[in-house]
Amino acid sequence: MNKKTSAIIVVHLFGKISKIKSILNLIKNKNIKLIEDCAQAHGTKVANKYAGTFGDISAFSFYPTKNLGAYGDAGCIITRNKSLSLKCKRIKNHGSLIKYDHKLIGRNSRLDPLQAVVLNEKLKTLNSDIKKRNQLSKIYIKRLSILKNFIKLPEIKKGEVHSFHQFVIICKRRNPLRKYLKKNKIDTMIHYPQMLSDMKIFSNTKDVKKIKFAKNLGSKLLSLPISPDHTPVEIEFIAKKIINFYT
Numbered sequence: 387m388n389k390k391t392s393a394i395i396v397v398h399l400f401g402k403i404s405k406i407k408s409i410l411n412l413i414k415n416k417n418i419k420l421i422e423d424c425a426q427a428h429g430t431k432v433a434n435k436y437a438g439t440f441g442d443i444s445a446f447s448f449y450p451t452k453n454l455g456a457y458g459d460a461g462c463i464i465t466r467n468k469s470l471s472l473k474c475k476r477i478k479n480h481g482s483l484i485k486y487d488h489k490l491i492g493r494n495s496r497l498d499p500l501q502a503v504v505l506n507e508k509l510k511t512l513n514s515d516i517k518k519r520n521q522l523s524k525i526y527i528k529r530l531s532i533l534k535n536f537i538k539l540p541e542i543k544k545g546e547v548h549s550f551h552q553f554v555i556i557c558k559r560r561n562p563l564r565k566y567l568k569k570n571k572i573d574t575m576i577h578y579p580q581m582l583s584d585m586k587i588f589s590n591t592k593d594v595k596k597i598k599f600a601k602n603l604g605s606k607l608l609s610l611p612i613s614p615d616h617t618p619v620e621i622e623f624i625a626k627k628i629i630n631f632y633t
């Protein structure tokens with residue numbers, strides 16, 4: 387952050403709220419806007435306040451794999467700022483609020499009514515789905531806590547509601563573990579396999595810095611299966627296989 391900083395984007399990753407209070411204190415009394423990326427944080431809370439309600443503007447994804455997902459591409463932006471709201475409404479509709487009255491360069495980003503119907507129905511079960519995800523996560527945490535020399539588990543602090551879009555562990559020997567789980571018909575994912583700074587599109591960009599900490603951490607992350615459709619028996623089976631691998 388420097389004198390040129392006009393906005394900060396904070397990302398609530400995997401369903402866990404970021405260190406939002408520290409960030410708010412950092413920009414307090416400064417003319418810096420806060421943008422929240424809530425693509426993976428539907429229903430995530432801290433101190434009974436939802437992710438997406440701290441910043442000047444927030445973005446949510448409703449991609450089908452999200453905790454609140456449509457049947458196709460969808461998303462929304464929320465803000466308390468009326469002028470920002472009007473600007474977003476124009477941009478999503480070719481820069482127009484009134485037909486043929488284009489005041490901005492926009493795009494076709496309108497939410498399909500069918501997707502809205504799907505989301506309205508799925509919204510009814512969001513809280514119960516998050517509750518199921520938390521119940522399953524407790525099984526992982528209870529069973530895998532004996533592997534503290536090999537695995538770092540997600541932490542849930544007092545006052546937080548983690549929505550567990552992903553159950554991500556930091557683990558030693560990640561790639562061999564992943565192969566072992568695959569042999570036992572357990573699919574896992576790596577979120578994310580490549581740092582932005584390593585992508586070819588940024589290879590000739592002078593301002594992009596190599597972040598060694600992020601790259602090192604990224605090489606150890608593994609996302610384990612979790613969804614409202616999983617059963618406790620399935621999570622117990624996965625945990626048992628991970629314990630078998632390390633012991």
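Counting along the sequence shown from 1, when you hit position 30 you're at 416 in the working numbering, and nothing is skipped either side.
Cβ coordinates follow ideal geometry from the N, Cα and C atoms, glycine included.
(request) Give a yes or no on whether the C-beta atoms belonging to Tyr-457 and Val-504 are separated by under 7 angstroms. (result) Here the question's residue 457 lines up with position 71 in the sequence shown. Here the question's residue 504 lines up with position 118 in the sequence shown. Cβ atoms of Tyr-457 and Val-504: closer than 7 angstroms.
(request) Within 10 angstroms of the Cβ of Asp-423, are there 16 or more other Cβ atoms? Answer buried if so, exposed if not. (result) Stepping through the sequence shown from its first residue, residue 423 is reached at position 37. Looking at its Cβ environment, which holds 16 or more other Cβ atoms inside 10 Å, Asp-423 is buried.
(request) Determine the closest residue to Gly-461 out of His-428, Ser-523, Ile-418, with distance taken between C-alpha atoms. (result) Locating residue 461 in the sequence shown gives position 75, where the first residue counts as 1. The option with the nearest alpha carbon to Gly-461 is His-428.
(request) Using only alpha-carbon positions, find the residue among Arg-466, Ile-406, Ile-576, Tyr-578 that is nearest to Ile-394. (result) Within the sequence shown, residue 394 is the residue found at index 8, counting from 1. Comparing Cα-Cα distances from Ile-394 to each of Arg-466, Ile-406, Ile-576, Tyr-578, the minimum goes to Ile-406.
(request) Would you tell me roughly how many angstroms separate the C-alpha atoms of Lys-475 and Asn-415, rounded to the nearest one? (result) Working through the sequence shown from its first residue, we reach residue 475 at position 89. Working through the sequence shown from its first residue, we reach residue 415 at position 29. Going by the C-alpha atoms only, they are around 29 angstroms apart.
(message) Considering just the uninterrupted stretch of the alpha helix (DSSP H) at Asp-423, what are its terminal residues?
(response) Reading the sequence shown from its first residue, position 37 is the one you call residue 423. No alpha helix (DSSP H) contains Asp-423, which is instead part of the beta strand (DSSP E) from 419-423.
(message) Along the chain, where does the beta strand (DSSP E) containing Gly-604 start, and where does it finish?
(response) Position 218 of the sequence shown, counted from the start, is the residue given in the question as residue 604. Here Gly-604 belongs to no beta strand (DSSP E); instead the alpha helix (DSSP H) covers 598-604.
(request) Tell me where the alpha helix (DSSP H) around Ala-502 begins and ends. (result) Translated into positions along the sequence shown, residue 502 becomes position 116. Unbroken alpha helix (DSSP H) run through Ala-502: 499-509.
(request) For Ala-437, name the three-state secondary structure that DSSP assigns. (result) Taking the sequence shown and counting its residues from 1, one reaches residue 437 at position 51. In this structure, Ala-437 counts as coil in the three-state DSSP scheme.
(message) According to DSSP, simplified to helix, strand and coil, what is Val-619?
(response) For the purposes of this step, residue 619 is taken as residue 233 along the sequence shown, with counting starting at 1. Val-619: helix per DSSP, three-state reduction.
(request) Please report the residue range of the beta strand (DSSP E) in which Ile-532 lies. (result) Counted from its first residue, the sequence shown places residue 532 at position 146. Segment: none, Ile-532 is in no beta strand (DSSP E) and carries neither H nor E.
(request) Leaving out five residues on either side along the sequence, give the residues of the same chain with a beta carbon under 7 angstroms from the beta carbon of Val-432. (result) What you label residue 432 is simply residue 46 of the sequence shown in a count that begins at 1. Taken in chain order, the residues that qualify are Ile-403, Ile-406, Gly-545, Glu-546.
(request) Return the chain-ordered ranges of every alpha helix (DSSP H) run that is complete within the stretch 463-493 and spans a minimum of 4 residues. (result) 468-478
(request) Kindly confirm or deny that the stretch 614-632 and the stretch 579-595 touch, where touching means at least three C-beta pairs closer than 8 angstroms. (result) no
(message) Once the 5 residues before and after Lys-524 are set aside, which same chain residues still bring their CB inside 7 angstroms of it?
(response) What you label residue 524 is simply residue 138 of the sequence shown in a count that begins at 1. None.
(message) Please classify Lys-565 as buried or exposed, where buried requires at least 16 neighbouring CB atoms within 10 angstroms.
(response) The count along the sequence shown starts at 1 and reaches residue 565 at position 179. The residue in question, Lys-565, is exposed, as its Cβ has fewer than 16 Cβ neighbours within 10 Å.
(message) Measuring straight from C-alpha to C-alpha, what distance separates Asn-479 and Asp-498?
(response) On the sequence shown, residue 479 is found 93 positions in, with the first residue counted as 1. On the sequence shown, residue 498 is found 112 positions in, with the first residue counted as 1. Cα to Cα, Asn-479 sits roughly 12 angstroms from Asp-498.
(request) Provide the residue span of the alpha helix (DSSP H) that contains Ser-408, from first to last. (result) By 1-based counting over the sequence shown, the position of residue 408 is 22. Counting along the chain, the alpha helix (DSSP H) containing Ser-408 begins and ends at 406-412.
(request) Name the one or two DSSP bridge partners that Lys-524 has. (result) One-based indexing of the sequence shown puts residue 524 at position 138. For Lys-524, which the question treats as bridged, DSSP gives no partner whatsoever.
(request) Count the other CB atoms, across all protein chains shown, that sit within 10 Å of the CB of Ile-491; report buried if there are 16 or more and exposed otherwise. (result) As a first step, residue 491 must be located in the sequence shown, where it is residue number 105. That one is exposed.
(request) Please report the residue range of the beta strand (DSSP E) in which Leu-582 lies. (result) Translated into the one-based positions of the sequence shown, residue 582 becomes position 196. Leu-582 -> no beta strand (DSSP E), and no H or E assigned at all.
(request) Could you have a look at Phe-553 and say whether DSSP puts it in helix, strand or coil? (result) The residue given as residue 553 occupies position 167 in the sequence shown. It is a strand residue.
(request) Pick helix, strand or coil for Ile-395, following the three-state DSSP scheme. (result) By one-based count along the sequence shown, residue 395 stands at place 9. DSSP places Ile-395 in strand when its eight states are reduced to three.
(message) If you follow the alpha helix (DSSP H) that Leu-567 is in, where does it begin and where does it stop?
(response) Locating residue 567 in the sequence shown gives position 181, where the first residue counts as 1. Leu-567 -> alpha helix (DSSP H) spans 560-569.
(message) Can you check which of these residues, Val-397, His-398, Asn-417, is closest to Met-387 by C-alpha distance?
(response) Residue 387 sits at position 1 when you count from the first residue of the sequence shown. The option with the nearest alpha carbon to Met-387 is Asn-417.
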